[in-house]
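Under the working numbering, the first residue of the sequence shown carries the number 3, and numbering increases by one thereafter.
For every residue, glycine included, the Cβ atom is placed at its ideal position computed from N, Cα and C.
Everything on this sheet refers to the single structure shown next.
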Amino acid sequence: MNYKILPVVVLFALGFMGFHAWNEKEVEGEVAMTVKVEEAKPLEAEETFEMKMEERYADLDVQEYTAPSKESFQKALKGFWKMKEEGILKKDILTIVDFSLSSTARRLWVIDMSKNKILLQTVVSHGRNSGNEFAQKFSNTINSNMSSLGFYKTGETYSGKHGFSLRLDGLEKGYNDLARERAIVMHGADYAAESLAQKQGRLGRSLGCPAIPQNIKKELIDLIKDETCLFIYYPNSEYLKGSQFLS
């Protein structure tokens with residue numbers, strides 16, 4: 003009698019173990035699937051972020067102006083949003099300077115981000131040691147007479163040797179954080195006139211400041227003063243990888 007019962011017990015035990023192992027695999031599979039979904043979330047967020055930037059660029063109201071390049075706009079937008087999140091900015095104004103363009107081009111844009119609309123576009127000078135027609139070299143060093151890349155917060159206005167001017171605070175260590183010490187400001191200059199660029203094939207150059215035409219300096223500076231975002235762009239791989247606002 004006992005010998006007849008034993009095979010039944012063994013079979014039952016094996017069946018239970020098999021069910022238990024199968025159940026563990028199911029549970030493990032569910033855990034793995036859960037982990038996989040969790041890992042996908044950052045990618046989905048990044049895709050959503052990219053889509054938002056694409057939409058912003060596509061919907062940009064250029065009015066009578068021309069749009070900045072998609073590359074410079076999207077880099078500027080990414081930093082602008084990060085600065086907003088960190089509470090650095092007081093107004094939804096974004097200024098883009100694209101130093102990959104010729105100094106004869108209108109390579110400065112002022113954009114009202116609350117309306118996604120370009121308010122102003124003009125020429126802007128680069129530093130004399132950054133290049134001639136094109137800016138190609140950049141520095142954060144005092145007395146380098148070069149332009150500095152990156153994100154700035156606009157400061158207060160003042161009246162100096164160039165008249166009505168705007169102080170700038172560089173926010174990126176190693177790239178532009180010595181802007182105050184270098185006296186890098188936005189100011190008007192006779193050498194930053196489009197008529198001069200047409201005659202000599204380039205604008206005049208500054209000591210590192212983003213100099214603008216005299217006839218629009220008051221309007222432009224009043225638009226962007228008091229803690230708005232200024233982004234000076236150039237496709238420099240070292241900067242693009244090292245920027246705290248683009249990482």
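Under a Cβ-count criterion, where at least 16 other Cβ atoms within 10 Å of its own Cβ denotes burial, should residue i be classed as buried or exposed?
i    : result
I144 : exposed
Y160 : exposed
K86  : exposed
N142 : buried
G89  : exposed
Y235 : buried
G165 : exposed
V187 : buried
A60  : exposed
F51  : exposed
T156 : buried
G172 : buried
Whole angstroms are fine: how far does the CA of residue j sit from the CA of residue i?
i    : j    : result
I226 : S146 : 26 angstroms
S149 : S127 : 9 angstroms
D224 : E240 : 33 angstroms
L96  : P70  : 12 angstroms
L122 : V112 : 5 angstroms
W83  : Q200 : 36 angstroms
I218 : P237 : 28 angstroms
E183 : G190 : 20 angstroms
G206 : L110 : 16 angstroms
E174 : C231 : 13 angstroms
P215 : N178 : 23 angstroms
K243 : S249 : 7 angstroms
F233 : Q138 : 16 angstroms
E57  : Q202 : 39 angstroms
E158 : M115 : 21 angstroms
K117 : S102 : 26 angstroms
E49  : K72  : 17 angstroms
Taking DSSP's pairing of strands, which residues face residue i in a bridge?
i    : result
G203 : None, per the DSSP bridge assignment.
M188 : L168
A213 : H189
Answer yes or no: do residue i and residue j have a C-beta to C-beta separation smaller than 8 angstroms?
i    : j    : result
R130 : L198 : no
L170 : Y193 : no
F247 : G81  : yes
K93  : E229 : yes
P212 : V125 : no
L91  : M55  : no
T106 : E66  : no
S245 : G176 : no
I120 : L180 : no
Quick check for students: name the residue ranges of the beta strand (DSSP E) that lie wholly in the region 91-153, counting only runs of 3 or more. Fully enclosed beta strand (DSSP E) runs of 3 or longer: 95-100, 110-114 and 119-124.
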